[in-house]
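Below: one structure, written as structure tokens.
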Amino acid sequence: MSLKIKICGINSKESFLASKKADYIGFVFFPKSPRFINAETAKKLSHLRSKNQSIVGLFVNTEEKVIEYITDYVDLDYIQLHGQENIDQIKSIKSKTRKPIIKALPVSSKQDVENHKKYSKICDMLLFDTIPCENDLPGGNGKNFDWKILKNFNSENDWMLAGGINIENVKKAVEITKAPIVDLSSALEIKKGQKCPKKIKKFLNYAKFNRI
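When you read off a place in the sequence shown, starting at 1, and then add 261, the result is the number in my numbering.
Pasting the structure below:
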């Protein structure tokens, strides 16, 4: 089974079209992020999706009513929760939206991975990311963690690896973790918040051609 790819932080038509070969497109609905996209623009771009391409909406400690509205308005396929959402909140969001949930989990040790396994009972996918520094955004900081902590991680569901993945290290990252899906953002940018279509195409062609 070939590696699946999620490109997160898409906020322009050019970057969306460059991501045609990606399996997942991530829209960031977190106003403090330089990758923020409003619901109106996201809805327009989502109409350009390729066949079998899924649209993911990223939220950070967002009110449930807002998540419900954007999910319905944009017609999201997945909801990614990237804040401190607890089990009860996740259950409520999943029940109200009836959409699969991706839960982002910051990790730096095997114990962190073990502690986060409780989320696998309610979430449809787990996304392992680097623990952000004090003044960093919740994700998209271009920093990786020790992938060896995921070396023996097993899950009945698909899961995602994020945090500093780029064209130079993706092969090694997948070899170590056996991650079925990788999530990229900052590595594909000209500057923070602005994706580079050339970098996106280059990465997707590299990953697909080499069948990572």
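Don't be surprised by glycine CBs; every beta carbon is placed ideally from N, CA and C.
Predicted, not measured: the structure shown is a model, and the values here were computed from it.
Nearest residue (CA-CA) to residue i, options the options
i: I473; options: P458, Q455 and I437; result: I437
i: S311; options: L278, Q372, Y334 and I442; result: L278
i: P361; options: F414, L264 and L319; result: L319
i: N430; options: K304, Y330, A448 and N376; result: A448
i: N413; options: N427, K404 and V435; result: V435
i: A300; options: H308, S294 and F290; result: F290
i: Q345; options: T358, A365 and Y330; result: A365
i: L353; options: I298, I271 and E325; result: Residue identity differs from the one stated: residue 353 is Ser in this sequence, not Leu. Of the candidates I298, I271 and E325, the one whose C-alpha sits nearest the C-alpha of S353 is E325.
i: K462; options: S276, K265 and G270; result: S276
i: S307; options: F297, Y334 and P295; result: Y334
i: N405; options: N415, L388, W420 and I426; result: I426
i: Y467; options: E329, K452 and I428; result: I428
i: W420; options: H377, W408, F389 and D407; result: F389
Sub-9 Å separation of residue i and residue j beta-carbons
i: S370; j: I410; result: yes
i: I316; j: D336; result: yes
i: T391; j: V374; result: no
i: D444; j: N418; result: no
i: K293; j: V321; result: yes
i: K432; j: K282; result: no
Boundaries (first-last residue) of the beta strand (DSSP E) holding residue i
i: T391; result: M386 to T391
i: S315; result: S315 to F320
i: K452; result: E450 to K452
i: L366; result: I362 to V368
i: K223; result: As shown, the chain starts at 262 and ends at 473. That puts residue 223 outside it, with no answer to give.
i: L306; result: First-last for L306: A300 to S307, but that is the alpha helix (DSSP H), not the beta strand (DSSP E).
Limits of the unbroken alpha helix (DSSP H) element including residue i
i: P458; result: P458 to F470
i: K439; result: Run containing K439: none; DSSP gives neither H nor E here.
i: F277; result: K274 to A279
i: K371; result: K371 to N376
8 Å contact criterion, which residue i and residue j should meet: CB distance rounded
i: A440; j: L465; result: 16 Å between Cβ atoms; not a contact.
i: F288; j: I271; result: 6 Å
i: E450; j: K459; result: Not confirmed; about 11 Å, so no contact.
i: I363; j: I383; result: So it is not a contact: roughly 12 Å between Cβ atoms.
Min CB distance residue i to chain C below 9 Å
i: T332; result: The structure shown contains no chain C; it holds only a single protein chain.
Extract the residue ranges of the alpha helix (DSSP H) inside the segment 327 to 358, only unbroken runs of 4 or more that lie entirely within it.
348 to 358
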